[in-house]
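Read the structure below first, then the notes.
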Amino acid sequence: LKQNESVDVACLKPSLVRVLKTIEGHFGRKMVVTSGYRDPSRNRRANGAKNSLHMYCAAADIQLPGVSKWELASYVRSMPGRGGVGTYCHTESVHIDVGPERDWNWRCRRRSGGGEDG
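Numbering of the sequence shown is given in my numbering, commencing with residue 942 and proceeding in unit increments.
See the structure below:
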């Protein structure tokens, strides 16, 4: 796993590392971890959820060069026993965690045309 210099991945839970390695194997590419462990102060600065799994070493935000966030999120959502998967309009990163199964922001709203599309 590659990471940005300021990203802490040393404490990531083994179950999360297994998921991340499975993703890398499926796509045949090394991922970039854009957010790993966050202490409470960093989590607040990142506008993270109050009980974000990032604070428990159970979440990572990732990108795979050459793979869209939609393709990446779709694959992770198909994995058995997966946890949370989140996509965001403001970044190409996909949030992955080993908490309960849940999804958010699958599609981003576009103002032109009035419809929802991702």
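Note that the Cβ used here is the ideal one computed from N, Cα and C, for glycine as well. Source: prediction; values computed, not measured.
- For a cut-off of 8 angstroms, the C-beta gap from Thr-975 to Asp-1002 is around 5 angstroms, short enough to register as a contact.
- Distance between Met-996 and Ser-956, taken at the CA atoms: about 16 angstroms.
- The beta carbon of Ala-1000 lies closer than 6 angstroms to those of Leu-994 and Asp-1038 in the same chain, with the five residues before and after it left out.
- The shortest C-alpha to C-alpha distance from Cys-1030 to any of Glu-1012, Asn-1046, Gly-1040 and Arg-1018 is the one to Asn-1046.
- Annotation: Ser-947 is outside any alpha helix (DSSP H) and is labelled neither H nor E by DSSP.
- Annotated three-state conformation of Thr-963 is helix, per DSSP.
- Just measuring C-alpha positions, the residue of Met-972, Val-1035 and Gly-1040 sitting nearest Gly-1022 is Gly-1040.
- If you look at Val-1017, you'll find it isn't in any beta strand (DSSP E); it sits in the alpha helix (DSSP H) that goes 1010-1019.
- Residue environment for Cys-998: buried (at least 16 other C-beta atoms within 10 angstroms of its C-beta).
- Going by C-alpha positions, Glu-1042 is about 8 angstroms away from Val-1026.
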